[in-house]
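Written out below as structure tokens is the structure these notes cover.
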Amino acid sequence: MQPLVHQGVNTMTNNKLRQISLCMLLVLSGFSHATTLDVPSNIQAVTVYPDSARITRHATVKLAAGESRLLLNGLPLQLQTESLRISGHSSSPVTLGSVNLSQHIQTELVQEKERLLRAEIEKWQEKRREVVDMKSRAEQQLLIIQATVLQKPTGSASPQTIILPLEQWQPAWDTLDQATAQAQARIRATDKTLKAFDDGLQQLHQQLAAIATGETRSRSAILYVNAPEATELQLTLRYQIKGTSWKPVYNAELDTDNNQLTLQTQAEIQQLTGEDWNNVTVQLSTLHPSNSAGLPALESWIVRLHDKLSFSSEEFYEADMAKDEAVETLKQANLSARSAAKRQAPAPAASLQLQNSQLLNTTFNAEYQVPGKLTLSSGSDSRRVTLSSQTLKTELGLYSYPRIDPRVVLVSQATYTADAPLLAGSVALYRDGSFIGNTSIETLQSGETLKLSFGEDNRIHIDFQPVPEKSSSYGLISTRNHLERAYRISINNQHDNSREITIYDSIPVASNEDISVSLTGDKPDLENVEHKEGVVAWVRQIPAGENTPIEYGYHLSYPEDKVLSGL
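Going by numbering that gives the first Met the number 0, the sequence shown opens with residue 0, and the numbers climb by one from there.
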């Protein structure tokens, strides 16, 4: 097979460039009499990036000897023109003279789905008109019945008056009553039917509005080629396009009996490109083609001195209030997250054998080959495919931060060992088959720790109680304010066996040497947890059925003439 030869070479001497330019002019002048061929193309493969996609189209055309003008219609309007690449193969040499892109706007329907929706709306509207006619007839019958007057045989009568003997009045009333009831029933029935039609039409119009454009906007690629003899040309077009994306989503299933964490990685794909993908090969890539290819501009970092600004006591009090509000907000956020997790619990899924995608590692990014072929219409619901599934050995621990949240939470810590990075995304949490809630993770590399919380251990109860604080002022040389605060934590284990639990809390951190802070009571086992100053922890082994206390606090002092903020 011969590759498609592109006219023009970038790296040549000036003389050769002039020769090529002359050849190009001669070739292009000959194309004015070229045979025009419409060449249908279809999408064969798609590489989906987190915020775009690379589309690969294939086309086959039989060329006669000489010049030909190839029209490839139906390309999406929003394709990135600078990304268009064309290659090809044939049994004999074929030369590509030039490539032009043109835009077409037509008033035909964009997609088959749009045509079907419009046809469906027209059917519904026709049926609705039939119901309106039925209601109109029933209303007319009711008006005629209401205008009917029964009268005795004597006296004059209007045209609407029905003269009946007295003994026939009751049957006549019964007949009118029955006819009235039937007409009213038909009116009520048609009202209900019309409401159902209106609701259905509203939904159809909403679906149509999501995809309808009222016109077709597309591009056409025009290729000028020259073949010395008749041949068949296999063309490949590649281009980048916006309007499509994929993101990772995870299912984390914890087996507490075996201390195992099964992590299933899925990809959620969505596309709004305007062209449907029908039975195409799909790859998923972690590359971000839209991100800047270079480094940001390097700038100097200048620091300057300014006069100090003193805060008023009111501003200190405002800072105290802001701190209290922040703590309360954190508590409410914890409660809201717990409520949301309960609301979002999905129904249990049936057990399926999932086919994983194949990981295709490159030097700088990861790519996944989705198994089989994928069909995904533009504007349709997103599609999920499984990328990988792995089982990790995990360490389980019980943790609590009772000052903010009295719950005891089960935490899993496992070392992530896969070759590809674990991308940031949402995680659905399952513990021993039960849905716990949702969380999110940041990007992890192989060898880093995956830390996930799997909900409350409701067999361990914690009671957090502040002890009434003590405050005083004293000093020999200079008077200082003294404040003592203490807390009592009671941990009750209702499990059948002993459990280890870690209790977190924060103590004040002095930002000024005039402030003195010292711990009192039970000394913590850990200080500056996670490299955060003032965060401490007590680790306790709680026997089954027993209650273990932790009593601690702090002593704080500061100059009497100062206002303390932050408590």
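Just so it is clear, CB atoms sit at the ideal spot from N, CA and C, and this is done for glycine as well. These numbers come from a predicted model, not from an experiment.
According to DSSP, N511 shares a beta bridge with no other residue. Take the alpha-carbon of V224 and the one of L62: they are about 9 Å apart. The segment 220 to 237 makes contact with the segment 63 to 77; the number of CB pairs closer than 8 Å reaches 3 or more. Taking a cut-off of 8 Å for Cβ pairs, the segment 545 to 558 and the segment 478 to 485 touch, as three or more such pairs fall below it. Straight through space, the alpha carbons of D462 and E394 are spaced by roughly 26 Å.
Cβ atoms of L200 and L116 stay farther apart than 8 Å, at about 11 Å.
Of the candidates R136, D198, D197, S217, R136 places its Cα closest to the Cα of Q183. Per DSSP, reduced to three states, the secondary structure at L100 is strand. The beta carbon of T442 is closer than 8 Å to those of P420, L421, L422, A423 in its chain, skipping five residues each way along the sequence. Note on L375: 16 or more other CB atoms within 10 angstroms of its CB, so buried under the neighbour-count rule. Secondary-structure assignment with DSSP links I221 through a beta bridge to L70, N99. Around the CB of K531, fewer than 16 other CB atoms lie within 10 Å, so the residue is classed as exposed. Annotation: the continuous beta strand (DSSP E) that includes L482 extends over 479 to 492. For Y249, the enclosing beta strand (DSSP E) has its first and last residue at 243 to 254. Taking 9 Å as the cut-off, the Cβ atoms of P288 and S86 do not count as close. Under the Cβ criterion (8 Å, minimum of three pairs), the segment 496 to 504 counts as touching the segment 397 to 404. For Q412, the enclosing beta strand (DSSP E) starts and ends at 404 to 414.
Contact between the segment 40 to 58 and the segment 225 to 244 is present, with at least three C-beta pairs closer than 8 Å. In the structure shown, K122 falls within a helical segment according to DSSP collapsed to helix, strand and coil. Taking every protein chain shown into account, the CB of G552 has 16 or more other CB atoms within 10 angstroms, so this residue is buried.
About 11 Å separates the Cβ atoms of R383 and L373, ruling out a contact at the 8 Å cut-off. Non-local beta-carbon contacts of E138 in its own chain, meaning distances under 8 Å to residues more than five positions away in sequence, involve A182, I186 in chain order. In the DSSP secondary-structure assignment, P2 is bridged to H88. Inter-residue distance for V528 and I506 is about 12 Å (C-alpha atoms, whole angstroms). Here S377 is buried: its Cβ has 16 or more other Cβ atoms, across all protein chains shown, within 10 Å. Secondary structure note for E231: its beta strand (DSSP E) is the uninterrupted segment 230 to 240. The segment 385 to 392 makes contact with the segment 255 to 266, as at least three CB pairs between them are under 8 Å. Q239 is the residue among E512, D37, Q239 whose C-alpha sits nearest the C-alpha of S82.
Nearest to S515 by C-alpha distance, out of E468, E550, Q540, L563, is L563. Taking a C-beta distance under 9 Å as the contact criterion, S425 and S452 do not qualify as a contact pair. Cβ neighbours of R458 within its own chain (closer than 8 Å, five residues either side excluded): N492, Q493, H494. For D504, the enclosing beta strand (DSSP E) starts and ends at 498 to 505. Going by beta carbons, L71 and W123 fall outside the 9 Å limit. Note: P465 is bridge-paired with Y486 in the DSSP secondary-structure output. Between V47 and V281, the alpha-carbon positions lie close to 7 Å from each other. Spanning the alpha carbons of T547 and E526 requires a straight line of approximately 21 Å.
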